[in-house]
């Protein structure tokens, strides 16, 4: 009897560990010339472009791109609401839990709310950053 309980407890811990955390999105960053340093929200995110920066989908972000001898560039990464996924998941959940219109509506509202809180209902844009750096002293 102890073995099935231990197995169930281990499985529950794994499910909880995998389900927690803020959804992230990788944003590829490339520059011309290569080799720039990328800071995300003031913290060093990558030492040399090209690279991918992993950002939380729960908020907007500021990427700062720096290379010696070139003008510093900043790119705002904004979160954008994706209603299609949240609505789809809510409708499917409502159908599985009974299928009547009230259940579908309640599950849809709950799913949208849950995904907004967790960040799953958002995507970051632009999804790719490509910057041509300007040599210092040659700004327009």
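Residue numbers (mature numbering (1 follows the signal peptide of the UniProt record, and there is no 0)): -17 to -1, 1 to 123.
Glycine residues also receive a C-beta, built at the ideal position from the N, C-alpha and C atoms.
None of these values were measured; they are calculated from a predicted model.
| Asked | Found |
| --- | --- |
| Contact set for residue 102: own chain, Cβ-Cβ below 6 angstroms, skip 5 residues either direction | 5, 6, 40 and 41 |
| For residue 15 and residue 76, the rounded distance between their alpha carbons | 47 angstroms |
| In chain order, each alpha helix (DSSP H) run of at least 4 residues that lies wholly inside the stretch 18 to 102 | 66 to 79 and 84 to 101 |
| Exposed unless 16 or more other CB atoms sit within 10 angstroms - verdict on residue 62 | buried |
| For residue 69 and residue 32, the rounded distance between their alpha carbons | 34 angstroms |
| CA-to-CA distance, residue 93 to residue 78, given in whole angstroms | 14 angstroms |
| Segment limits, beta strand (DSSP E) that includes residue 5 | No beta strand (DSSP E) holds residue 5; DSSP gives it neither H nor E. |
| Reference residue 60, options 24, 119, 84 and 83, closest by Cα | 24 |
| Residue 117, buried or exposed, once every other Cβ within 10 Å from all chains shown has been counted against 16 | exposed |
| Whole-angstrom distance between residue 99 and residue 36, CA atom to CA atom | 22 angstroms |
| Nearest residue (CA-CA) to residue 86, options 96, 73 and 97 | 73 |
| Under the three-state DSSP convention, the category residue 107 falls into | strand |
| Straight-line gap, residue 65 to residue 91 (C-alpha atoms, nearest Å) | 14 angstroms |
| Beta-bridge partners of residue 16, as assigned by DSSP | Partner(s): none; residue 16 has no beta bridge. |
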